[in-house]
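> This structure is in structure tokens; I'll ask about it shortly.
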Amino acid sequence: MTVTVPTLVAPAAEPSCYSRLTNEWICGQYLSDRQDQIVDATVQHLAITVAAVVLGVLIAFPLALLARRYPRLESTVLGVSTGVYTIPSLALFPLLVPFTGLSPTTVVIGLALYALTVLVRAILEGLRSVPDEVRESATGLGYGAGRLLLRVELPLALPVIMAGLRVATVSTVALTTVGSLVAYGGLGNLIKDGVSTNFRAELLTASVLCVLLALVLDVVLVLTQRVLTPWTRGVGA
Amino acid sequence: MTVLSDAWAYLTAGDSWTGDTGMLALLLQQLLLTVTALGLAMLVGLPVALWLGHLGRGGFLAINISNIGRAVPTFALLALLVTADFPGAQEFGPYGRAGLATLIALALFALPPIITNAYVAVREVPADVREAATGMGMTGWQRFVRVELPLALPLVVSGVRLALVQVWATATIAALVAGPGLGRVITDGFYRTNYGKGIAGAVVVALVALLLELLAATAQRLSDPARRGSSPNRDLSGEVGMSVTASSVADDAGTVGR
Numbered sequence: 001m002t003v004t005v006p007t008l009v010a011p012a013a014e015p016s017c018y019s020r021l022t023n024e025w026i027c028g029q030y031l032s033d034r035q036d037q038i039v040d041a042t043v044q045h046l047a048i049t050v051a052a053v054v055l056g057v058l059i060a061f062p063l064a065l066l067a068r069r070y071p072r073l074e075s076t077v078l079g080v081s082t083g084v085y086t087i088p089s090l091a092l093f094p095l096l097v098p099f100t101g102l103s104p105t106t107v108v109i110g111l112a113l114y115a116l117t118v119l120v121r122a123i124l125e126g127l128r129s130v131p132d133e134v135r136e137s138a139t140g141l142g143y144g145a146g147r148l149l150l151r152v153e154l155p156l157a158l159p160v161i162m163a164g165l166r167v168a169t170v171s172t173v174a175l176t177t178v179g180s181l182v183a184y185g186g187l188g189n190l191i192k193d194g195v196s197t198n199f200r201a202e203l204l205t206a207s208v209l210c211v212l213l214a215l216v217l218d219v220v221l222v223l224t225q226r227v228l229t230p231w232t233r234g235v236g237a
Numbered sequence: 001m002t003v004l005s006d007a008w009a010y011l012t013a014g015d016s017w018t019g020d021t022g023m024l025a026l027l028l029q030q031l032l033l034t035v036t037a038l039g040l041a042m043l044v045g046l047p048v049a050l051w052l053g054h055l056g057r058g059g060f061l062a063i064n065i066s067n068i069g070r071a072v073p074t075f076a077l078l079a080l081l082v083t084a085d086f087p088g089a090q091e092f093g094p095y096g097r098a099g100l101a102t103l104i105a106l107a108l109f110a111l112p113p114i115i116t117n118a119y120v121a122v123r124e125v126p127a128d129v130r131e132a133a134t135g136m137g138m139t140g141w142q143r144f145v146r147v148e149l150p151l152a153l154p155l156v157v158s159g160v161r162l163a164l165v166q167v168w169a170t171a172t173i174a175a176l177v178a179g180p181g182l183g184r185v186i187t188d189g190f191y192r193t194n195y196g197k198g199i200a201g202a203v204v205v206a207l208v209a210l211l212l213e214l215l216a217a218t219a220q221r222l223s224d225p226a227r228r229g230s231s232p233n234r235d236l237s238g239e240v241g242m243s244v245t246a247s248s249v250a251d252d253a254g255t256v257g258r
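Chains as they are written, first to last, in UniProt numbering: chain B, 1 to 237; chain E, 1 to 258.
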């Protein structure tokens with residue numbers, strides 16, 4: 001049996017930049033040593049964010065259509081979603097725990113509820129931005145309610161809806177960090193660990209990645225919008 | 001569902017409210033933090049944003065500050081402030097552990113809705129009203145104080161209201177970095193697997209948040225001169241058109257971190 005020399009310990013002559021003694025904010029060594037951990041956290045962060053926004057859209061659409069059809073419901077729908085928005089995230093997650101436990105579901109549902117507030121408003125506003133003449137001429141051409149919505153109203157409402165979607169996505173990325181309360185916070189888990197162990201490189205890396213993730217998703221949405229609404233191109237921003 | 005009865009037991013037990021780390025003391029501490037931070041942000045943000053709106057300059061910054069505020073996680077900023085050499089996690093007067101770091105983070109996150117709304121509020125004063133004021137011989141300052149400010153007031157107040165909700169939410173998150181405030185009841189409960197306590201804390205935080213929002217909404221209604229005058233012809237004044245566009249900007253501004 002051969003005795004393996006522990007290779008994990010860095011040579012004393014040149015302590016790694018994330019050792020307890022130096023504890024530097026920016027540390028390339030940390031990035032390469034903990035690469036797996038960082039990638040895992042980012043993937044979890046992205047998965048939770050995307051799931052929450054998709055769930056938010058899926059709930060927001062019928063709600064917005066309902067509020068448009070029955071104006072009396074509108075103030076209720078908007079009032080309730082604004083009320084939810086008032087509740088701090090750190091308090092909303094615990095309130096969901098009795099029903100969904102300490103699971104990613106808790107975080108996804110909580111974040112979807114926040115996204116809902118922005119999305120319902122955006123969808124309602126988007127549909128309202130469709131000019132009446134367009135709606136009337138489509139009806140005159142023989143469009144039924146369903147085809148009118150899908151072929152005429154939605155495409156025209158898209159710029160406003162996408163603006164709401166961008167706001168919802170960017171704030172969801174930031175909010176996901178609070179999910180670390182129930183241990184599913186993506187990069188927030190690294191931030192939490194960084195605070196409790198006073199680990200600066202980990203903390204700064206996770207924070208910067210969080211902002212970068214928000215920016216990347218925002219750019220993706222802008223590009224998607226450009227692809228989906230080719231008629232707005234050339235008119236100029 | 002035993003956690004729910006645990007939470008109820010914690011809420012109804014007298015000694016969870018009293019004492020230095022009781023919920024009442026923490027509630028007062030968080031209210032104090034909220035009021036101080038909001039005051040600081042208003043002191044810094046309002047004059048700058050209102051005056052920029054009057055001059056019609058710096059619009060790009062005033063609008064985009066909300067986008068920046070939205071992308072930066074409150075938790076990350078709090079964590080960075082607490083871990084840095086300054087302000088760090090020291091006790092700070094009645095604001096408790098990491099008090100200074102928390103105050104700075106709260107004030108920073110209160111700024112975007114205040115600045116964006118105040119700027120837009122003054123900008124959206126109809127151009128013909130502005131021209132009429134100038135035509136009457138008002139100086140720039142007179143126009144700002146007598147015409148633009150009163151018309152902008154409702155939207156400015158709605159920005160402050162959004163900031164208040166924002167600050168309360170951020171103050172709760174301070175507990176994630178072992179900071180002051182009621183959030184500590186939540187984090188204590190969760191980190192020590194006393195979920196009933198955590199949920200009890202969440203209930204109190206959520207109720208106070210709703211109460212603050214209700215109070216702020218009332219204050220906002222009172223500040224609206226058009227509503228106070230209860231003139232039925234408001235639709236004709238062009239003021240409604242303004243509040244539609246402005247309120248959508250205001251909504252966007254409010255969606256910073258939670």
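Ideal Cβ placement from N, Cα and C applies to all residues, glycine included.
In this structure, how does DSSP classify Arg72 of chain B when only helix, strand and coil are distinguished?
Start at 1 with the first residue of the first sequence, and residue 72 of chain B comes out as number 72. In the structure shown, Arg72 of chain B sits in a helix (DSSP, three-state: H, G or I).
> Does the beta carbon of Thr100 of chain B fall short of 7 Å from some heavy atom of the ligand ATP?
Looking at this structure, you won't find the ligand ATP or any other ligand, since it has none at all.
> Cα separation between Val53 of chain B and Thr100 of chain B?
To locate residue 53 of chain B, count along the first sequence from 1; it is residue 53. To locate residue 100 of chain B, count along the first sequence from 1; it is residue 100. Spanning the two alpha carbons is a distance of roughly 18 Å.
> Kindly list the residues whose CB is nearer than 7 Å to the CB of Ser75 of chain B, restricted to its own chain and excluding five residues on each side of it in sequence; keep chain order.
One-based indexing of the first sequence puts residue 75 of chain B at position 75. So the list is empty, once near-sequence residues are dropped.
> Using a Cβ cut-off of 7 Å, pull out every chain E residue sitting near Cys210 of chain B, in sequence order please.
Here residue 210 of chain B refers to the residue found at position 210 of the first sequence. Ordered by position in chain E, the residues that pass the 7 Å Cβ test against Cys210 of chain B are Pro73 and Ala76.
> Using a Cβ-Cβ cut-off of 6 Å (strictly less than) and excluding sequence neighbours within five positions of Gly196 of chain E, which residues of its own chain qualify?
Indexing the second sequence from 1 puts residue 196 of chain E at position 196. Excluding residues within five positions, the ones whose Cβ falls inside 6 Å are Val3, Asp6, Ala7 and Tyr10.
> Over the uninterrupted alpha helix (DSSP H) stretch that includes Leu207 of chain E, give me the two end residues.
Walking along the second sequence from the start, residue 207 of chain E turns up at place 207. Tyr195 to Ser223 is the span of the alpha helix (DSSP H), which, as asked, contains Leu207 of chain E.
> State the Cα-Cα distance for the pair Ala115 of chain B and Thr116 of chain E, rounded to the nearest angstrom.
Residue numbering aside, residue 115 of chain B sits at position 115 when the first sequence is read from its first letter. Residue numbering aside, residue 116 of chain E sits at position 116 when the second sequence is read from its first letter. Cα to Cα, Ala115 of chain B sits roughly 21 Å from Thr116 of chain E.
> Under a three-way DSSP split, which group does Arg20 of chain B fall into?
Position 20 of the first sequence holds residue 20 of chain B. The answer is coil: DSSP assigns Arg20 of chain B none of H, G, I, E or B.
> On the three-state DSSP scale, how would you describe Arg97 of chain E?
Here residue 97 of chain E corresponds to residue number 97 of the second sequence, with the count starting at 1. Strand, per DSSP.
> Just curious, the alpha helix (DSSP H) that Gln225 of chain B is in, first and last residue?
Along the first sequence, one-based indexing puts residue 225 of chain B at 225. From DSSP, the alpha helix (DSSP H) with Gln225 of chain B extends over Arg200 to Leu228.
> Using the three-state DSSP reduction, which class does Glu124 of chain E fall into: helix, strand or coil?
Locating residue 124 of chain E in the second sequence gives position 124, counting from the first residue. Glu124 of chain E: coil per DSSP, three-state reduction.
> Between Lys192 of chain B and the rest of its own chain, which residues show a CB-CB distance below 8 Å, the 5 nearest in sequence each way excluded?
Start at 1 with the first residue of the first sequence, and residue 192 of chain B comes out as number 192. Here the set comprises Ser180 and Gly185.
> Select from E:Ala219, E:Ile186 and E:Val165 the residue whose C-alpha is nearest the C-alpha of Leu33 of chain E.
Residue numbering aside, residue 33 of chain E sits at position 33 when the second sequence is read from its first letter. Closest by alpha carbon: E:Val165.
> Please specify which runs of the alpha helix (DSSP H), each continuous and at least 4 residues long, are wholly inside the region 104 to 189 of chain B, giving them in chain order.
104 to 128, 132 to 140 and 154 to 176
> Starting from Glu91 of chain E, follow its DSSP beta bridges and name the residues at the other end.
On the second sequence, residue 91 of chain E is found 91 positions in, with the first residue counted as 1. Answer is E:Arg97, bridged to Glu91 of chain E.
> Can you tell me the Cα-Cα spacing of Arg70 of chain E and Ala174 of chain B, whole angstroms?
Numbered from 1 along the second sequence, position 70 holds the residue referred to as residue 70 of chain E. Numbered from 1 along the first sequence, position 174 holds the residue referred to as residue 174 of chain B. When rounded, the distance between both Cα atoms is 7 Å.
> So, for Leu27 of chain E: in the same chain, excluding its five sequence neighbours on each side, which residues have a beta-carbon less than 8 Å away from its beta-carbon?
Along the second sequence, read from residue 1 onward, the residue named residue 27 of chain E stands at position 27. Excluding positions up to five away in sequence, the list reads Leu182, Val204 and Val208.
> Determine, for Thr232 of chain B, whether the minimum Cβ-Cβ distance to residues of chain E falls below 8 Å.
Residue mapping note: residue 232 of chain B aligns to position 232 of the first sequence, counting from 1. No, Thr232 of chain B does not count as interfacial toward chain E.
> Report yes if the C-beta distance between Ala157 of chain B and Gly56 of chain B is below 8 Å; otherwise report no.
In the first sequence, counting from the first residue as 1, residue 157 of chain B sits at position 157. In the first sequence, counting from the first residue as 1, residue 56 of chain B sits at position 56. No; because the gap between Cβ atoms is not below 8 Å, this pair is not in contact.
> Could you say which of E:Gly189, E:Val145 and E:Ala118 lies nearest to Val156 of chain E if we only look at CA atoms?
One-based indexing of the second sequence puts residue 156 of chain E at position 156. Among E:Gly189, E:Val145 and E:Ala118, the Cα nearest to that of Val156 of chain E is on E:Ala118.
> Could you give the C-beta distance for Leu81 of chain E and Ala105 of chain E, rounded to a whole number, given that I count them as a contact under 8 Å?
Counted from its first residue, the second sequence places residue 81 of chain E at position 81. Counted from its first residue, the second sequence places residue 105 of chain E at position 105. About 6 Å separates the two Cβ atoms, so the contact holds.
> Taking all protein chains shown into account, do 16 or more other C-beta atoms lie within 10 angstroms of the C-beta of residue 240 of chain B, making it buried, or fewer, making it exposed?
This structure does not reach residue 240 of chain B, given that chain B is present from 1 up to 237, and the question cannot be answered.
> Name the residue from B:Pro71, B:Pro94 and B:Leu165 whose alpha carbon lies nearest to the alpha carbon of Thr193 of chain E.
To locate residue 193 of chain E, count along the second sequence from 1; it is residue 193. Nearest of B:Pro71, B:Pro94 and B:Leu165 to Thr193 of chain E, Cα basis: B:Pro94.
> Roughly how many whole angstroms lie between the Cα atoms of Ser16 of chain E and Ala25 of chain E?
Taking the second sequence and counting its residues from 1, one reaches residue 16 of chain E at position 16. Taking the second sequence and counting its residues from 1, one reaches residue 25 of chain E at position 25. When rounded, the distance between both Cα atoms is 10 Å.
> Against Trp17 of chain E, what residues of chain B qualify as contacts under a CB-to-CB distance less than 8 Å, listed in chain order?
As a working note, residue 17 of chain E is residue 17 in the second sequence. Going along chain B, no residue has its Cβ under 8 Å from Trp17 of chain E, so there is no contact; the nearest lies around 17 Å.
> Does the Cβ of Ala13 of chain E have 16 or more other Cβ atoms within 10 Å, making it buried, or fewer, making it exposed?
If you number the second sequence from 1, residue 13 of chain E lands on position 13. Exposed, because fewer than 16 other Cβ atoms sit within 10 Å of the Cβ of Ala13 of chain E.
> To the nearest angstrom, how far is it from the Cα of Gly188 of chain B to the Cα of Gly53 of chain E?
Your numbering for residue 188 of chain B matches position 188 in the first sequence. Your numbering for residue 53 of chain E matches position 53 in the second sequence. Going by the C-alpha atoms only, they are around 37 Å apart.
> Compute the beta-carbon to beta-carbon distance between Ala229 of chain B and Leu210 of chain E, rounded to the nearest angstrom, for a pair I have assumed lies under 8 Å.
If you number the first sequence from 1, residue 229 of chain B lands on position 229. If you number the second sequence from 1, residue 210 of chain E lands on position 210. Before going on, a small fix: residue 229 of chain B reads as Thr here, not Ala. Contact flag wrong, Cβ pair sits at about 38 Å.
> Leaving aside the five residues before and after Val219 of chain B along the sequence, list all residues of the same chain whose C-beta is less than 8 Å from its C-beta, in chain order.
On the first sequence, residue 219 of chain B is found 219 positions in, with the first residue counted as 1. Excluding residues within five positions, none has a Cβ falling inside 8 Å.
> Got a sec, what are the start and stop residues for the alpha helix (DSSP H) Ser16 of chain E sits in?
Position 16 of the second sequence, counted from the first residue, corresponds to residue 16 of chain E. It is not in any alpha helix (DSSP H) - Ser16 of chain E carries neither H nor E in the DSSP assignment.
> Since Leu176 of chain E and Phe75 of chain E are thought to touch, with beta carbons under 8 Å apart, how far apart are those beta carbons, to the nearest angstrom?
Indexing the second sequence from 1 puts residue 176 of chain E at position 176. Indexing the second sequence from 1 puts residue 75 of chain E at position 75. About 6 Å; that satisfies the 8 Å criterion.
> Just to confirm before moving on: does the CB-CB distance between Arg166 of chain B and Leu124 of chain B stay below 8 Å?
As a first step, residue 166 of chain B must be located in the first sequence, where it is residue number 166. As a first step, residue 124 of chain B must be located in the first sequence, where it is residue number 124. For Arg166 of chain B and Leu124 of chain B, no; Cβs fall outside 8 Å.
> Using a C-beta to C-beta distance shorter than 8 Å, which residues of chain B count as neighbours of Arg161 of chain E?
Position 161 of the second sequence holds residue 161 of chain E. Within chain B, no residue comes near Arg161 of chain E; the closest Cβ sits about 10 Å away, beyond 8 Å.
> My guess is that Glu148 of chain E and Val122 of chain E are in contact by the Cβ rule of under 8 Å, so how many angstroms apart are they, rounded?
Taking the first residue of the second sequence as position 1, residue 148 of chain E is located at position 148. Taking the first residue of the second sequence as position 1, residue 122 of chain E is located at position 122. That belief holds up - the Cβ atoms of Glu148 of chain E and Val122 of chain E are roughly 5 Å apart, short of 8 Å.
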